[in-house]
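Reading through the structure tokens given below for one structure.
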Amino acid sequence: MLREERRAAEEAITLIRPATGRLVDPDIRDEFGLETMDMNMGPQHPAMHGLLRLILELDGETIVRCDPVMGYLHRCQEKIAENRTYPAVIPLTDRLDYFANMHNEHGYCLAVEDLLGVEIPPRAEYIRVLMCELMRIASHLPSIGFLLLELGAFTPILYAFRERERIQNFFEAVTGARMMFHYIRIGGVKADLPPDIPEKIWEYVDGLEKRLEPDFIELIEGNEIFVERTRGISRLTQEEAIELGLTGPPLRCTGVDFDVRRDYPYSVYPELDFDVVTDTAGDVEASYRVRIKECYESIKIIRQCLEKMPEGEVMADVGRRVRPPEGEGFGRVEGPRGEFAVHIVSDGSDTPYRVHYRDASFVNMQLLQEKVPGHYLPDIMPIMGLVDPVSGGWDK
Numbered sequence: 001m002l003r004e005e006r007r008a009a010e011e012a013i014t015l016i017r018p019a020t021g022r023l024v025d026p027d028i029r030d031e032f033g034l035e036t037m038d039m040n041m042g043p044q045h046p047a048m049h050g051l052l053r054l055i056l057e058l059d060g061e062t063i064v065r066c067d068p069v070m071g072y073l074h075r076c077q078e079k080i081a082e083n084r085t086y087p088a089v090i091p092l093t094d095r096l097d098y099f100a101n102m103h104n105e106h107g108y109c110l111a112v113e114d115l116l117g118v119e120i121p122p123r124a125e126y127i128r129v130l131m132c133e134l135m136r137i138a139s140h141l142p143s144i145g146f147l148l149l150e151l152g153a154f155t156p157i158l159y160a161f162r163e164r165e166r167i168q169n170f171f172e173a174v175t176g177a178r179m180m181f182h183y184i185r186i187g188g189v190k191a192d193l194p195p196d197i198p199e200k201i202w203e204y205v206d207g208l209e210k211r212l213e214p215d216f217i218e219l220i221e222g223n224e225i226f227v228e229r230t231r232g233i234s235r236l237t238q239e240e241a242i243e244l245g246l247t248g249p250p251l252r253c254t255g256v257d258f259d260v261r262r263d264y265p266y267s268v269y270p271e272l273d274f275d276v277v278t279d280t281a282g283d284v285e286a287s288y289r290v291r292i293k294e295c296y297e298s299i300k301i302i303r304q305c306l307e308k309m310p311e312g313e314v315m316a317d318v319g320r321r322v323r324p325p326e327g328e329g330f331g332r333v334e335g336p337r338g339e340f341a342v343h344i345v346s347d348g349s350d351t352p353y354r355v356h357y358r359d360a361s362f363v364n365m366q367l368l369q370e371k372v373p374g375h376y377l378p379d380i381m382p383i384m385g386l387v388d389p390v391s392g393g394w395d396k
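Using the UniProt record's numbering, the letters of the sequence shown correspond one by one to residues 1 to 396.
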């Protein structure tokens with residue numbers, strides 16, 4: 001009798017609905033006195049993406065509830081901006097998603113320029129796009145490397161940071177900094193490109209295009225462990241992704257063909273030829289494929305920027321003291337993790353009345369609560385690789 005009761009209890013534990021993570025028949029749990037266990041993962045877990053805490057309810061190895069707890073890196077960014085002049089807010093945006101600094105600066109400056117109605121010099125527009133696409137590659141490849149590292153593969157992260165290091169060398173030569181750039185300014189960019197940089201960037205992307213296949217695609221996609229740990233994990237439908245408000249690779253890996261650069265064009269993207277990368281599987285493996293293919297598209301955009309970039313000024317005349325008229329300004333860009341948007345309310349003074357950032361990491365984190373239940377505990381890290389959150393983004 002005890003053996004039959006134990007078998008019934010074990011069967012009950014496996015009766016999990018992947019969509020909700022709840023037992024099909026809770027009466028069985030009550031009958032045999034089965035209990036779940038609560039477990040804290042983070043905020044200082046070695047595999048966690050920043051300061052994130054997950055409160056997990058486990059039924060054996062199966063997760064039945066996942067509650068993300070944020071706020072450990074909250075810095076009152078939006079409130080601080082109300083006491084800074086408009087140009088002085090730009091360094092704060094660098095400290096949001098610190099793997100997408102250029103995109104943060106670009107989105108904020110677009111919002112202020114929307115208020116001012118200022119026209120940006122064409123050369124500055126091309127430089128902005130050039131820097132942002134280099135930034136996208138410098139974000140996507142480490143994201144892929146981190147995903148593989150969490151699965152036990154160490155080599156890809158070394159290749160990823162080799163490429164990121166080379167791109168950071170370009171950033172340092174152009175901006176004077178390796179991470180917190182303060183380069184994109186209201187009205188243009190801080191300084192023109194050094195004379196030797198365009199040729200060096202061209203040589204670099206030529207080499208990178210040849211290295212992506214052997215160093216990443218062949219190494220990763222031929223790995224049976226990677227396929228088993230990512231295929232079918234956290235599978236999303238298009239309807240679920242749209243309902244959650246996802247953007248970026250987590251949205252496009254479901255087949256939703258949306259990209260701010262094309263659908264809400266800004267800067268010189270309408271003049272550039274590129275494809276929006278999508279997949280249909282909607283799982284962790286599909287999000288990897290989207291990111292690696294987007295690196296090829298970024299290379300294509302970078303080459304066009306270098307070819308089409310005109311001569312001329314890199315900064316419009318906006319004055320030393322920026323005082324937009326009363327009203328509202330809005331800017332949105334396609335960052336590595338999805339849509340980054342900035343909404344600014346001006347009262348006519350030289351400081352913003354209100355600033356709001358819409359960061360993709362914060363919105364995409366909703367996926368954890370909805371899609372982690374029903375998976376095993378070791379599956380959390382691959383799912384984090386699908387979301388690819390950055391703590392500076394979700395905690396403003």
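In this text, a Cβ means the ideal position worked out from N, Cα and C, and glycines have one as well.
- Rounded to whole angstroms, C253 and G319 show a C-alpha spacing of 44 Å.
- For the segment 294 to 356, the continuous beta strand (DSSP E) assignments of 3+ residues that do not extend past its boundaries occur at 327 to 335 and 338 to 346, in sequence order.
- Counted as a single uninterrupted DSSP element, the alpha helix (DSSP H) harbouring P156 occupies residues T155 to T175.
- Secondary structure at M41: strand, using DSSP grouped into helix, strand and coil.
- The three-state secondary structure of R231, taken from DSSP, is coil.
- Apart from sequence neighbours up to five positions away, the residues of its chain that approach G50 with a beta-carbon distance below 6 Å are S391, ordered along the chain.
- Contact check for M70 and I184: beta-carbon distance about 27 Å, past the 8 Å limit, so the pair fails to qualify.
- For P68, no alpha helix (DSSP H) encloses it; the enclosing beta strand (DSSP E) starts and ends at T62 to V69.
- C295 counts as buried, since no fewer than 16 other beta carbons sit within 10 angstroms of its beta carbon.
- In the structure shown, the three-state DSSP call for G385 is helix.
- Relative to the Cα of L251, the nearest Cα in the group D395, E334, R303 and N83 belongs to E334.
- Here the alpha carbons of K371 and I225 stand approximately 22 Å from one another.
- Nearest C-alpha to L116 among D317, E133 and G248: D317.
- Rounded to whole angstroms, the separation of the alpha carbons of D395 and L73 is 5 Å.
- In the structure shown, D279 adopts coil according to DSSP, grouped into three states.
- The way I'd put it, the segment 121 to 134 does touch the segment 290 to 309; three or more beta-carbon pairs between them come closer than 8 Å.
- 8 Å or more divides the Cβ of G331 from the Cβ of V345.
- The residue from D359, Y376 and R354 with its alpha-carbon nearest to that of Y86 is R354.
- DSSP places I201 within a helical segment (H, G or I) once states are collapsed to three.
- With fewer than 16 other Cβ atoms from the protein chains shown falling within 10 Å of its own Cβ, R75 counts as exposed.
- Judged by DSSP in its simplified three-state form, R252 adopts helix.
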